[in-house]
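Protein chains: 2
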Amino acid sequence: MELKEGLEQLEELQRKLYAFRAACSALYLDGVTTAPSDTEQGRGVALGILAGEEHKLMSDPQLGALLEQLWERREALDQVHLRQVEELRRRHARLVRIPAQEYMEYAMLTSQASAVWHQAKEQSDFSLFQPVLEQLVAYNIKFAGYYDPEKAPYDALLQEYERGVDMAALDQFFATLRERLVPVIQAIGAQEQPDDSFLFRHYPLEDQRRFSDYLMEVLRLDRAHCAIGETEHPFTLNFNSQDVRITTKYNPNQVAESMYSVIHEGGHALYELGVDPALDYTCVGGGVSMGVHESQSRFYENLIGRSLPFLQAIYPKMQEIFPQQLGDVTVEQFYRAVNKAQPSLIRIDADELTYSLHVMVRYEIEKQLIGGTLAVADIPQTWNRLYKEYLGVEVPDDRSGCLQDSHWSGGSFGYFPSYALGSAYGVQMLRAMERDIDVWGTVAQGDLSQVNGWLGEKIHRFGSLVEPAQLVRQACGEAFDPVAYTDYLVEKYSRLYNL
Amino acid sequence: MELKEGLEQLEELQRKLYAFRAACSALYLDGVTTAPSDTEQGRGVALGILAGEEHKLMSDPQLGALLEQLWERREALDQVHLRQVEELRRRHARLVRIPAQEYMEYAMLTSQASAVWHQAKEQSDFSLFQPVLEQLVAYNIKFAGYYDPEKAPYDALLQEYERGVDMAALDQFFATLRERLVPVIQAIGAQEQPDDSFLFRHYPLEDQRRFSDYLMEVLRLDRAHCAIGETEHPFTLNFNSQDVRITTKYNPNQVAESMYSVIHEGGHALYELGVDPALDYTCVGGGVSMGVHESQSRFYENLIGRSLPFLQAIYPKMQEIFPQQLGDVTVEQFYRAVNKAQPSLIRIDADELTYSLHVMVRYEIEKQLIGGTLAVADIPQTWNRLYKEYLGVEVPDDRSGCLQDSHWSGGSFGYFPSYALGSAYGVQMLRAMERDIDVWGTVAQGDLSQVNGWLGEKIHRFGSLVEPAQLVRQACGEAFDPVAYTDYLVEKYSRLYNL
Numbered sequence: 428m429e430l431k432e433g434l435e436q437l438e439e440l441q442r443k444l445y446a447f448r449a450a451c452s453a454l455y456l457d458g459v460t461t462a463p464s465d466t467e468q469g470r471g472v473a474l475g476i477l478a479g480e481e482h483k484l485m486s487d488p489q490l491g492a493l494l495e496q497l498w499e500r501r502e503a504l505d506q507v508h509l510r511q512v513e514e515l516r517r518r519h520a521r522l523v524r525i526p527a528q529e530y531m532e533y534a535m536l537t538s539q540a541s542a543v544w545h546q547a548k549e550q551s552d553f554s555l556f557q558p559v560l561e562q563l564v565a566y567n568i569k570f571a572g573y574y575d576p577e578k579a580p581y582d583a584l585l586q587e588y589e590r591g592v593d594m595a596a597l598d599q600f601f602a603t604l605r606e607r608l609v610p611v612i613q614a615i616g617a618q619e620q621p622d623d624s625f626l627f628r629h630y631p632l633e634d635q636r637r638f639s640d641y642l643m644e645v646l647r648l649d650r651a652h653c654a655i656g657e658t659e660h661p662f663t664l665n666f667n668s669q670d671v672r673i674t675t676k677y678n679p680n681q682v683a684e685s686m687y688s689v690i691h692e693g694g695h696a697l698y699e700l701g702v703d704p705a706l707d708y709t710c711v712g713g714g715v716s717m718g719v720h721e722s723q724s725r726f727y728e729n730l731i732g733r734s735l736p737f738l739q740a741i742y743p744k745m746q747e748i749f750p751q752q753l754g755d756v757t758v759e760q761f762y763r764a765v766n767k768a769q770p771s772l773i774r775i776d777a778d779e780l781t782y783s784l785h786v787m788v789r790y791e792i793e794k795q796l797i798g799g800t801l802a803v804a805d806i807p808q809t810w811n812r813l814y815k816e817y818l819g820v821e822v823p824d825d826r827s828g829c830l831q832d833s834h835w836s837g838g839s840f841g842y843f844p845s846y847a848l849g850s851a852y853g854v855q856m857l858r859a860m861e862r863d864i865d866v867w868g869t870v871a872q873g874d875l876s877q878v879n880g881w882l883g884e885k886i887h888r889f890g891s892l893v894e895p896a897q898l899v900r901q902a903c904g905e906a907f908d909p910v911a912y913t914d915y916l917v918e919k920y921s922r923l924y925n926l
Numbered sequence: 428m429e430l431k432e433g434l435e436q437l438e439e440l441q442r443k444l445y446a447f448r449a450a451c452s453a454l455y456l457d458g459v460t461t462a463p464s465d466t467e468q469g470r471g472v473a474l475g476i477l478a479g480e481e482h483k484l485m486s487d488p489q490l491g492a493l494l495e496q497l498w499e500r501r502e503a504l505d506q507v508h509l510r511q512v513e514e515l516r517r518r519h520a521r522l523v524r525i526p527a528q529e530y531m532e533y534a535m536l537t538s539q540a541s542a543v544w545h546q547a548k549e550q551s552d553f554s555l556f557q558p559v560l561e562q563l564v565a566y567n568i569k570f571a572g573y574y575d576p577e578k579a580p581y582d583a584l585l586q587e588y589e590r591g592v593d594m595a596a597l598d599q600f601f602a603t604l605r606e607r608l609v610p611v612i613q614a615i616g617a618q619e620q621p622d623d624s625f626l627f628r629h630y631p632l633e634d635q636r637r638f639s640d641y642l643m644e645v646l647r648l649d650r651a652h653c654a655i656g657e658t659e660h661p662f663t664l665n666f667n668s669q670d671v672r673i674t675t676k677y678n679p680n681q682v683a684e685s686m687y688s689v690i691h692e693g694g695h696a697l698y699e700l701g702v703d704p705a706l707d708y709t710c711v712g713g714g715v716s717m718g719v720h721e722s723q724s725r726f727y728e729n730l731i732g733r734s735l736p737f738l739q740a741i742y743p744k745m746q747e748i749f750p751q752q753l754g755d756v757t758v759e760q761f762y763r764a765v766n767k768a769q770p771s772l773i774r775i776d777a778d779e780l781t782y783s784l785h786v787m788v789r790y791e792i793e794k795q796l797i798g799g800t801l802a803v804a805d806i807p808q809t810w811n812r813l814y815k816e817y818l819g820v821e822v823p824d825d826r827s828g829c830l831q832d833s834h835w836s837g838g839s840f841g842y843f844p845s846y847a848l849g850s851a852y853g854v855q856m857l858r859a860m861e862r863d864i865d866v867w868g869t870v871a872q873g874d875l876s877q878v879n880g881w882l883g884e885k886i887h888r889f890g891s892l893v894e895p896a897q898l899v900r901q902a903c904g905e906a907f908d909p910v911a912y913t914d915y916l917v918e919k920y921s922r923l924y925n926l
């Protein structure tokens with residue numbers, strides 16, 4: 428085979444994968460936005476078939492042979508093609524190691540599990556979910572052995588979400604967080620909380636939509652390439668670097684919820700919009716990992732969006748849009764309100780300080796579940812015990828406890844740590860950025876061009892060309908280190924609460 | 428091969444075709460509704476690849492072999508499987524007869540042609556479109572020979588849009604129309620026109636949206652299975668019998684435009700929603716032809732929607748929604764206004780009476796173009812001459828003349844007659860319906876359940892199981908005959924204009 432011909436085949440395959448993914452994205456997007464209510468079945472049939480076609484494409488032995496031939500000639504490949512071959516070999520190897528029968532059974536199981544979990548959550552009864560979860564855990568332990576038999580099962584799964592990260596690293600990471608953050612959280616418990624009642628005044632949806640438009644402008648999201656929609660659960664969806672969608676959810680009695688959704692999803696969108704367009708329609712044309720993605724979304728949401736300079740810059744416009752609701756509130760009051768830290772039960776509503784401890788609970792449980800040292804039946808009591816220990820809260824029921832997240836019902840074990848890692852990556856990037864540019868001077872002007880430019884240059888443009896750990900290292904000039912993150916939180920919250 | 432196994436393969440193929448079509452529909456729908464403006468390229472790449480995959484699937488020699496095996500055993504097939512095999516054999520045969528190279532060149536040509544046509548129309552200059560149109564015509568003549576070398580080329584193309592219809596039948600059909608309708612149109616020219624100025628008052632969009640909701644309720648369109656959206660050009664799109672979308676376009680200074688769009692597209696939607704769900708995800712699970720589809724949309728739009736009993740039933744609600752605009756207008760005045768007949772230049776804005784004559788112009792030109800007796804360069808002068816002859820209007824420029832429709836730029840030659848045929852089918856169905864049920868008594872009550880029920884039973888539920896001509900015959904109890912249509916128009920407009 429000529430190298431040129433092999434690379435053409437490689438390109439054709441990737442374009443097909445792109446087309447299938449775009450098709451599934453469009454069907455999904457339609458389903459959560461404009462589709463009529465009773466139309467899930469037909470969409471499910473189409474999505475199932477497209478997933479099957481993608482699986483067939485990726486597990487094709489001819490593809491395996493092509494990838495091996497290209498891999499043997501890797502010395503002759505440029506960086507982009509080399510990364511594509513690496514990535515596709517990894518995906519191909521992972522798929523072909525799972526026996527087809529097991530793969531199909533597992534696909535059926537996860538599609539059922541979602542409905543079972545929904546019902547269990549509704550009835551706040553973990554025992555309804557337990558049998559399915561036991562099967563999901565068993566499959567994942569087995570799959571971990573297929574992915575990498577030399578690794579501990581949970582380490583093998585972690586690779587799927589954040590390559591280069593293992594339990595040894597995460598144990599240390601979370602130990603640092605626990606050690607530094609738990610005392611701060613406890614100390615805050617004794618302090619007086621700021622008044623945040625004005626966040627819950629009546630904020631008409633039309634005004635909130637105008638505010639979103641303004642925020643997108645401030646974030647410099649180009650509306651010709653990035654649309655904003657409304658869904659029950661906010662998300663970001665990228666078709667390619669020229670076509671990204673974000674969604675938010677408006678609550679008429681809440682201004683901060685949608686505000687920070689837009690900024691968070693906007694961070695994800697800036698990442699995808701910033702990928703080098705030359706990588707479009709290839710397997711390296713999107714963000715490299717969940718962790719790096721969360722680093723971007725949380726960077727904008729928390730490090731920028733919950734900073735005083737940023738709020739000072741946008742607050743006049745906020746007051747103009749919401750004169751009755753915020754006319755009597757100073758920006759300092761607003762700043763304290765959106766940075767209120769209070770241990771709570773629900774991860775997705777958690778504040779910046781306590782958030783990682785919610786993640787830590789899940790990490791501890793997953794590690795033991797996949798490690799075989801915790802039975803599924805014992806999840807609720809372990810969950811409740813850890814919430815008490817780390818966050819000091821009593822979990823009243825399974826709905827607001829171990830049934831709150833959808834991840835496990837989708838078969839995702841090893842995903843959660845990325846959320847906390849992303850937050851930590853972000854602070855380390857901020858520190859590096861502060862050495863290069865006048866971050867806070869420009870942010871205080873409401874000008875995010877330099878911040879966006881730095882992240883675009885150091886992170887976004889690479890898409891998936893550089894592995895997460897290396898990307899963090901080259902952007903920050905040093906290996907990943909959670910201390911910047913814990914320092915940041917301790918310092919910010921000590922100041923906010925006069926500790 | 429076991430028959431059972433062959434039928435399973437047949438089912439799998441059809442589900443894949445369904446999935447690809449659903450994928451393309453979702454991408455298309457997104458593109459014309461919520462996608463950001465500068466995102467066409469990536470969507471085009473995905474759509475092109477999906478079309479290529481579908482082509483590969485349908486032209487696969489293994490599929491050909493499967494279909495032949497099933498065809499040989501057609502005695503053993505039930506009606507549904509037999510129709511599926513027939514339909515797929517036809518599609519397969521058509522594709523494999525076109526050399527792959529020509530198919531690709533043609534696909535590229537049509538995708539360019541659309542942009543060229545847009546530009547030519549914008550500049551109102553046919554000569555810009557002429558070279559591309561010449562190629563399109565040449566390809567279609569060649570393809571007609573591939574489709575059916577024994578037929579005259581235009582007859583072969585007509586089969587693609589309305590099977591069973593040929594030039595002999597259409598010549599007679601249009602001759603009848605011309606003979607009966609041209610005198611009426613000329614007679615109306617001498618009469619006083621009704622006042623329709625109130626249709627062009629200010630109708631706020633929010634109120635028009637409420638009115639659309641009401642119309643969908645009257646049409647008995649189930650919103651759990653049928654959504655309404657807004658696009659530049661209204662259309663109906665069906666994913667399957669449980670999931671149909673219609674769109675409309677609101678003009679703040681026009682009430683009838685969106686009103687009749689909703690009723691027209693609603694008619695298409697009722698057809699698709701009424702197909703037997705057992706046919707979902709198969710090649711016979713949608714409306715059988717363009718002609719039958721237009722029979723349904725025009726049935727609701729004109730025969731019901733522009734009738735006095737229907738307007739009397741909905742007018743109180745219209746006046747409630749638009750009190751300032753219609754409070755001083757009687758339902759009889761409204762009825763006359765929406766039935767105003769006036770020869771004009773633009774087909775899609777034409778009234779019920781003159782509409783078919785617009786179609787006839789296109790038919791005459793297509794017949795000669797594909798027959799080789801008219802050069803592309805001579806289209807404008809022929810067009811203008813025929814508009815003068817049939818409709819008595821002077822065509823001032825190409826934009827409002829031969830460049831007004833997109834069909835030819837998409838490579839569709841033989842499509843137009845379906846519009847006129849559909850109108851005629853509809854009247855014949857109405858006459859049969861009137862023998863079975865109290866059409867006007869129920870419509871006058873605003874109750875369309877019996878009308879919908881009749882069409883559901885006689886037309887909708889069959890999907891594509893019965894060929895158009897046979898479907899009309901079995902629904903109406905007689906072969907297609909345009910006389911009912913011309914009688915209806917002559918009678919209606921003689922009464923309206925006191926001829």
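Listed in order, the protein sequences are those of chains A and B. Our numbering numbers the first residue of the first sequence as 428 and each following residue consecutively. Our numbering numbers the first residue of the second sequence as 428 and each following residue consecutively. The C-beta atom is built at its ideal place from N, Cα and C for all residues, glycine as well.
- Annotation for B:Val917: Arg607 and Val611 place their beta carbon closer than 7 Å to its own, counting only its chain and skipping 5 residues before and after.
- Here B:Glu884 is exposed. Its C-beta has fewer than 16 other C-beta atoms within 10 Å.
- Rounded to whole angstroms, the gap between the alpha carbons of B:Val786 and A:Leu494 is 56 Å.
- At a C-beta separation below 7 Å, B:Tyr852 has no neighbours in chain A, since its nearest C-beta there lies roughly 28 Å away.
- Burial check for A:Pro770: the Cβ neighbour count within 10 Å reaches 16 or more, so the residue is buried.
- Ranked by Cα distance from B:Ser464, the first of A:Gln669, A:Lys676, A:Phe662 and A:Gln620 is A:Gln669.
- Apart from the 5 residues on each side of it in sequence, A:Leu813 sits with its Cβ closer than 7 Å to the Cβ of Val788 and Glu791 in its chain, given in chain order.
- In this model, B:Ala503 and B:His720 are separated by some 31 Å (Cα to Cα).
- Three or more Cβ pairs closer than 8 Å define a contact, and the region 569-576 of chain A falls short of that threshold against the region 820-832 of chain A.
- Residue environment analysis places A:Ser839 among the buried positions, since at least 16 neighbouring C-beta atoms fall within 10 angstroms of its C-beta.
- The count of Cβ pairs closer than 8 Å, one atom from the region 439-455 of chain B and one from the region 627-635 of chain A, stays below three, leaving the stretches out of contact.
- By the criterion of a C-beta distance shorter than 7 Å, A:Phe570 is surrounded in its chain by Ile525, once the five residues flanking it on both sides are discounted.
- Between A:Gly713 and A:Ser891, the beta carbon gap of about 6 Å places them in contact (Cβ cut-off 8 Å).
- Look at the beta carbons and you see the region 480-488 of chain A not touching the region 506-515 of chain B: under three pairs across the two are nearer than 8 Å.
- The beta carbon of A:Arg518 sits closer than 7 Å to those of Met485, all from its chain and outside the five residues before and after it, given in chain order.
- Within chain B, no C-beta atom comes nearer than 8 Å to that of A:Ala696; the closest sits roughly 11 Å away.
- Beyond the five residues adjoining it in sequence on each side, B:Val689 comes within less than 6 Å, by CB distance, of Ser639, Leu642 and Thr675 in the same chain, given in chain order.
- Inclusion of B:Thr461 and A:Arg672 in the CB contact set at 9 Å is warranted, their separation being smaller than that value.
- Within the DSSP bridge table, the entry for B:Gln681 names B:Asn678 as partners.
- Under the three-state reduction of DSSP, B:Ile568 is assigned to helix.
- Look at A:Leu830 here: in three-state DSSP terms it is coil, with no helix or strand label.
- Check the Cα spacing between B:Pro558 and each of B:Leu434, B:Gln550, B:Trp544 and B:Glu549: the tightest is with B:Trp544.
- The beta-carbon of B:Glu480 is placed less than 9 Å from the nearest beta-carbon of chain A.
- Under DSSP, no beta-bridge partner is assigned to A:Gly904.
- Listed in chain order, the non-local C-beta contacts of A:Gln760 below 8 Å within the same chain comprise Pro621, Asp622 and Phe625, local neighbours out to five positions each way being set aside.
- Look at A:Asp465: its C-beta is under 9 Å from a C-beta on chain B.
- Shown here for A:Phe601: same chain residues with a beta carbon closer than 7 Å to its own, the five before and five after excluded, namely Met787 and Tyr790 in chain order.
- Between B:Arg650 and B:Leu784, the C-beta gap is not smaller than 9 Å, which leaves the two residues out of contact.
- Burial check for A:Met860: the Cβ neighbour count within 10 Å reaches 16 or more, so the residue is buried.
- When Cβ pairs closer than 8 Å are counted between the two stretches, the region 586-597 of chain B is seen to touch the region 835-850 of chain B, the count reaching three or more.
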